[in-house]
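Remarks on the structure that follows.
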Amino acid sequence: MVSRIADTPAAGTVSRALQTFLVTILLLGQCGCGLLYKHRVETAVGTLWTNGNLQLARKYQEDLRWMKEGLQQVLPKNSEGIGSTSILLVQNDDDHIIHEDQIRTAGWYNHTFSLIQFTPTPPVEKLLLQNQPDPKEHCTLLHELAHHFTSDDQRIRSTWWLAEAIACSLEISYLDPKGQFQVPPLHPMQYQIARSALSDLGRANFTQLARQIISENWHGFYRDDGDLARRYAISWALFWTLQGQQQGTLEQRLDAVLKLEDGQIIEQIPAVIQAITPSLQTQLQQHLEQDHHRRWVIDQALGGYRIHGQRLLEAIDLELASADPEGQAWAWSSATRLILRPRSRLNRVTRNDWLQRIEQQLVSGSLEVKLAICTDFPDYRMAQNLYPRLIDLLESSDGNLRSAAATALSRVSSHPTIINPHFWKFAPESKRAVEVSDWRSWQQNR
Amino acid sequence: MNWPVVPSRLLQRSKLPRIRGHSSLVRSRRFLSLPMLIVALLILTGCSATLLRPHAISVSELSREKDVIHFMITIEDSTQEQDFFRWSQDHILENNFQFENPDHEGIPLYELHYHFRKRGNRFRSQRIAYLMWRRSETSPHQFDHKLTYIGSGMPLLRNWRSW
Chain A
2 MVSRIADTPA AGTVSRALQT FLVTILLLGQ CGCGLLYKHR VETAVGTLWT NGNLQLARKY
62 QEDLRWMKEG LQQVLPKNSE GIGSTSILLV QNDDDHIIHE DQIRTAGWYN HTFSLIQFTP
122 TPPVEKLLLQ NQPDPKEHCT LLHELAHHFT SDDQRIRSTW WLAEAIACSL EISYLDPKGQ
182 FQVPPLHPMQ YQIARSALSD LGRANFTQLA RQIISENWHG FYRDDGDLAR RYAISWALFW
242 TLQGQQQGTL EQRLDAVLKL EDGQIIEQIP AVIQAITPSL QTQLQQHLEQ DHHRRWVIDQ
302 ALGGYRIHGQ RLLEAIDLEL ASADPEGQAW AWSSATRLIL RPRSRLNRVT RNDWLQRIEQ
362 QLVSGSLEVK LAICTDFPDY RMAQNLYPRL IDLLESSDGN LRSAAATALS RVSSHPTIIN
422 PHFWKFAPES KRAVEVSDWR SWQQNR
Chain F
9 MNWPVVPSRL LQRSKLPRIR GHSSLVRSRR FLSLPMLIVA LLILTGCSAT LLRPHAISVS
69 ELSREKDVIH FMITIEDSTQ EQDFFRWSQD HILENNFQFE NPDHEGIPLY ELHYHFRKRG
129 NRFRSQRIAY LMWRRSETSP HQFDHKLTYI GSGMPLLRNW RSW
């Protein structure tokens, strides 16, 4: 979200009062953060202030470095002469309570004071989101940082829908295993929201809403009327479609979109509707061929309700053929998540073939691969073939693998076990042997 | 609760003036008694209000693992979010779950899950809160409160393994 200072009346007294207020705020900005915040951490983009966990602040210190370098790489012209920013890292005291109906502002950016306020995802939310491919750890911070890197351009700063659309496009960027900054080809969540809006509103009302968004002022765009998420998503869909029609680098395409008049943008609303009509899975599949996005696409696709399993398995096979040890672990874990899930449109032969391959990995794969498979074992009951291999792993010499195997077994079977990781890592072998024996008896009598 | 008892010898040594006969203080006592009674009642009701717990209509138990128990608690009406925490905390202490596993003797409990439901009309109940407690890594004889989720959208997860 971008905040701004409202226009001031010309009246002299009000103007003087405002000036005094601004000077006070500026002075506070210069020295006040030190008074209000306990910790100060210097980062690649400016000073980070927090009253919370210093360890977390240091983690963001590292993240801000690659975020800055990445944004500089994709927006070289916009990044020229960009100043530093202050980041206020807010951590809630009571981060063990989640309210289902609670809507909170995760971050905002103020261009005048070059200030980012950022509330990281509470640990409990991470816990809830852990099964999703992107736990959104960096999204908010990267979103606000994208505002900072584009706010020197008056054309972006004064067009609220565009400012948010650009920030949304960049917020899901990530650092790939090779350390390269990648901007994904589309934003799955915004795509889904925009597509739902189209489905709910119909073409005519969607077109009307999109036209309205393009002409909204600050108050109109950010008003809290329950449709804010929809405005963000439709803004993103507009920008995504328009920049997709252009050629060149991301910054060149952005420049081309900025040159469009409102009327030209409105003319493209039917193209936006056409662009968001296919399902997300269909959209994602189009990018499976791109080496640098393949893993991201597979991760996103696996989070879907109904997937094209065959296409994804072919892509996983490509990763298996060329992957490093870490990549191998990722690929086998993805294959496990795909094979052991419903609604994957896989035929029985392919499924059984891959089950055998996974079973083989549980016997002779590397420790990393075995750990990855066991850790990502989904809660799925159709994996009886793998029970004996998982039971064998309860006697592994590696405590982490024993613990992960117990977890996997508890997810796929109805037989009760001990899931406390401490037990499987540190309990005496004699005690663990009792539990393993219990599993073997159950397996024989099944 | 044990009330403090003032030793009799201290009472004897008291140098406070004794009330004798019908002093003005005693005469005004009847007028003071009513406000004092009200204040006392207010204090009593106030204290009982802060000690209030959700009234559980029924508590059922589901144990899919040897060291994990899920409790389904049906309550009469909605209550404050802190009350869910207190109720579950009391439940742990009352049942001595830090040391005892009612279903599997000798196996320490690892996780306790509390699913609160509000009794609705026509036997339908609505999920209103979920709490998760996990045995502390630093103090193994205690449970740590990991999360409280207020709402009905929380999936009934079997077990969560890691943060």
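If you read the sequences in order, they're chains A and F. Take the first sequence: its position 107, counting from 1, is numbered 108 in the working numbering, and each next residue is one higher. Take the second sequence: its position 1, counting from 1, is numbered 9 in the working numbering, and each next residue is one higher. Just so it is clear, CB atoms sit at the ideal spot from N, CA and C, and this is done for glycine as well. Bear in mind the structure is a predicted one, so any value in this text is a computation, not a measurement.
Quiz item: Of the choices A/L163, A/Q191, A/T44, A/E327, whose alpha-carbon is the least far from that of A/C140?
Solution: Sequence index remark: in the first sequence, residue 140 of chain A carries index 139 (1-based). The shortest Cα separation from A/C140 among A/L163, A/Q191, A/T44, A/E327 belongs to A/Q191.
Quiz item: Using the rule of at least 16 other Cβ atoms within 10 Å of the residue's Cβ for burial, across every protein chain shown, is F/S31 buried or exposed?
Solution: By 1-based counting over the second sequence, the position of residue 31 of chain F is 23. Bear in mind that a pLDDT of 47 at F/S31, under 50, signals an unreliable position, so the number given afterwards is only what the model happens to contain. The residue in question, F/S31, is exposed, as its Cβ has fewer than 16 Cβ neighbours within 10 Å.
Quiz prompt | DSSP state of A/N111 mapped onto helix, strand, coil | solution = Here the question's residue 111 of chain A lines up with position 110 in the first sequence. The answer is strand: DSSP assigns A/N111 an E or B state.
Practice problem: Using 10 angstroms around the beta-carbon of A/V364, count the other beta-carbons present and answer buried if the total reaches 16, otherwise exposed. | Solution: Indexing the first sequence from 1 puts residue 364 of chain A at position 363. It is exposed - the Cβ of A/V364 has fewer than 16 other Cβ atoms within 10 Å.
Exercise. Identify, in the order they occur along the chain, each residue of the same chain with its Cβ nearer than 7 Å to the Cβ of A/F207, setting aside the five sequence neighbours on each side.
Key: Along the first sequence, one-based indexing puts residue 207 of chain A at 206. Answer for A/F207: A198, L199, I274, listed in chain order.
Quiz item: Looking at A/I299 and A/I266, is the spacing between their C-beta atoms short of 8 Å?
Solution: Translated into positions along the first sequence, residue 266 of chain A becomes position 265. Translated into positions along the first sequence, residue 299 of chain A becomes position 298. Note that the C-beta distance between A/I266 and A/I299 is not below 8 Å.
Quiz item: From A/W355 to F/S68, what distance separates their C-alpha atoms?
Solution: Position 354 of the first sequence, counted from the first residue, corresponds to residue 355 of chain A. Position 60 of the second sequence, counted from the first residue, corresponds to residue 68 of chain F. A/W355 and F/S68: Cα-Cα distance of roughly 41 Å.
Quiz item: Out of F/N104, F/K154, F/R132, F/H149, which has the shortest C-alpha to C-alpha gap to F/R142?
Solution: Counting from 1 along the second sequence, the entry for residue 142 of chain F is found at position 134. It is F/K154.
Practice problem: Would you grab the beta carbon distance between F/I115 and F/D75 for me? Rounded to a whole angstrom, and I think it's under 8 Å. | Solution: Indexing the second sequence from 1 puts residue 115 of chain F at position 107. Indexing the second sequence from 1 puts residue 75 of chain F at position 67. That belief holds up - the Cβ atoms of F/I115 and F/D75 are roughly 5 Å apart, short of 8 Å.
Quiz item: Straight-line CA distance for F/F93 to A/K69?
Solution: In the second sequence, residue 93 of chain F corresponds to position 85, counting from 1. In the first sequence, residue 69 of chain A corresponds to position 68, counting from 1. Near 42 Å, if we compare the C-alpha coordinates of A/K69 and F/F93.
Exercise. Kindly give me the distance between the Cβ atoms of A/Q362 and A/K371, rounded to whole angstroms, as I take these residues to be in contact under 8 Å.
Key: Translated into positions along the first sequence, residue 362 of chain A becomes position 361. Translated into positions along the first sequence, residue 371 of chain A becomes position 370. Right, their Cβ atoms sit about 7 Å apart.
Quiz item: Quick one: does the C-beta of A/T250 sit closer than 7 Å to a heavy atom of the ligand PLP?
Solution: In the structure shown, the ligand PLP is absent, as is every other ligand, since no ligand is present at all.
Quiz item: Rounded to a whole number of angstroms, what is the C-alpha to C-alpha distance between A/I80 and A/Q73?
Solution: For this step, residue 80 of chain A is matched to residue 79 along the first sequence. For this step, residue 73 of chain A is matched to residue 72 along the first sequence. Reading the sequence as shown, one finds Ser at residue 80 of chain A and not Ile. Each residue's Cα considered, the two are about 5 Å apart.
Quiz item: In whole angstroms, what separates the C-alpha of F/N104 from that of F/Q97?
Solution: Counted from its first residue, the second sequence places residue 104 of chain F at position 96. Counted from its first residue, the second sequence places residue 97 of chain F at position 89. Rounded to whole angstroms, F/N104 to F/Q97 spans 11 Å at the Cα level.
Practice problem: From the DSSP output, in three-state form, read off A/I157 for me. | Solution: Your numbering for residue 157 of chain A matches position 156 in the first sequence. Helix, per DSSP.
Quiz item: Is A/R358 helix, strand or coil when you go by DSSP?
Solution: As a working mapping, residue 358 of chain A is identified with position 357 in the first sequence. If DSSP states are grouped into helix, strand and coil, A/R358 belongs with the helices.
Exercise. Under 7 Å between beta-carbons, which chain F residues line up against A/H100? List them in chain order, please.
Key: Indexing the first sequence from 1 puts residue 100 of chain A at position 99. Correct list: I158, G159.
Practice problem: Pick out whichever of A/H40, A/N421, A/G227, A/L391 has its Cα sitting closest to the Cα of F/Y118. | Solution: As a working note, residue 118 of chain F is residue 110 in the second sequence. Measuring from the Cα of F/Y118, the nearest candidate turns out to be A/N421.
Quiz item: For F/P110, which option in F/S160, F/I77, F/S66, F/S147 has the closest C-alpha, if you only look at C-alpha atoms?
Solution: Taking the second sequence and counting its residues from 1, the one referred to as residue 110 of chain F is at position 102. The option with the nearest alpha carbon to F/P110 is F/I77.
Self-check item: Integer-rounded CB distance, given that A/H148 should sit under 8 Å from A/A164
Solution: What you label residue 164 of chain A is simply residue 163 of the first sequence in a count that begins at 1. What you label residue 148 of chain A is simply residue 147 of the first sequence in a count that begins at 1. Contact flag correct, Cβ pair sits at about 6 Å.
Exercise. Within its chain, find whatever has a CB closer than 8 Å to the CB of A/Q444; leave out the 5 residues flanking it on each side and keep chain order.
Key: As a working mapping, residue 444 of chain A is identified with position 443 in the first sequence. For A/Q444, where only same-chain residues beyond five positions count, the Cβ hits under 8 Å are Y388, P389, I392.
Quiz item: Among residues of its own chain, excluding the 5 on either side of A/Y306, which ones have a beta-carbon nearer than 7 Å to its beta-carbon?
Solution: Walking along the first sequence from the start, residue 306 of chain A turns up at place 305. R344.
Practice problem: With DSSP collapsed to three states, give me the class of F/S160. | Solution: Translated into the one-based positions of the second sequence, residue 160 of chain F becomes position 152. Coil, per DSSP.
Practice problem: Please name the residue in A/R156, A/G245, A/I340, A/R295 whose C-alpha comes closest to that of A/I374. | Solution: Taking the first residue of the first sequence as 1, we reach residue 374 of chain A at position 373. Of the candidates A/R156, A/G245, A/I340, A/R295, the one whose C-alpha sits nearest the C-alpha of A/I374 is A/I340.
Self-check item: C-alpha gap between F/I81 and A/S334, whole angstroms
Solution: The sequence position of residue 81 of chain F within the second sequence is 73, counting from 1. The sequence position of residue 334 of chain A within the first sequence is 333, counting from 1. Each residue's Cα considered, the two are about 37 Å apart.
Quiz item: Count the other CB atoms within 10 Å of the CB of A/Q56; is the residue buried (16 or more) or exposed (fewer)?
Solution: Position 55 of the first sequence, counted from the first residue, corresponds to residue 56 of chain A. It is exposed - the Cβ of A/Q56 has fewer than 16 other Cβ atoms within 10 Å.
Quiz item: Between A/L321 and the rest of its own chain, which residues show a CB-CB distance below 7 Å, the 5 nearest in sequence each way excluded?
Solution: Along the first sequence, one-based indexing puts residue 321 of chain A at 320. Closer than 7 Å at Cβ, skipping near neighbours: Q329, A332.
Quiz item: What do you reckon, are the CB atoms on F/H149 and F/Q90 nearer than 8 Å?
Solution: For the purposes of this step, residue 149 of chain F is taken as the residue at position 141 of the second sequence. For the purposes of this step, residue 90 of chain F is taken as the residue at position 82 of the second sequence. No, these two residues do not count as a Cβ contact at 8 Å.
Practice problem: Could you tell me whether any Cβ in chain F is nearer than 8 Å to the Cβ of A/S431? | Solution: Along the first sequence, one-based indexing puts residue 431 of chain A at 430. Output row for A/S431: interface = no.
Quiz prompt | Test: A/P136 CB closer than 8 Å to a CB of chain F | solution = Residue mapping note: residue 136 of chain A aligns to position 135 of the first sequence, counting from 1. In this prediction, A/P136 has a pLDDT of 44, which is less than 50 and means its spatial position is unreliable; nothing more can be read from the coordinates.
Quiz item: Just by C-beta distance, which residues in the region 404 to 431 of chain A are closer than 9 Å to chain F?
Solution: S404, A405, T408, S411, R412, S415, P417, T418, I419, I420, N421, P422, H423, F424
Quiz item: Leaving out the 5 sequence neighbours to the left and right, which residues in its chain are closer than 8 Å to A/S367 when beta-carbon positions are compared?
Solution: Here residue 367 of chain A refers to the residue found at position 366 when the first sequence is read from its first residue. Closer than 8 Å at Cβ, skipping near neighbours: P326, Q329, A330.
Quiz item: If you count every other CB in all the chains shown that lies within 10 Å of the CB of F/I65, and 16 or more means buried, which is it?
Solution: Counting from one through the second sequence, the residue named residue 65 of chain F turns up at place 57. So F/I65 counts as exposed.
Exercise. Report buried or exposed for A/N218, applying the criterion of at least 16 other Cβ atoms within 10 angstroms of its Cβ.
Key: Looking up residue 218 of chain A in the first sequence gives position 217. With fewer than 16 other Cβ atoms from the protein chains shown falling within 10 Å of its own Cβ, A/N218 counts as exposed.
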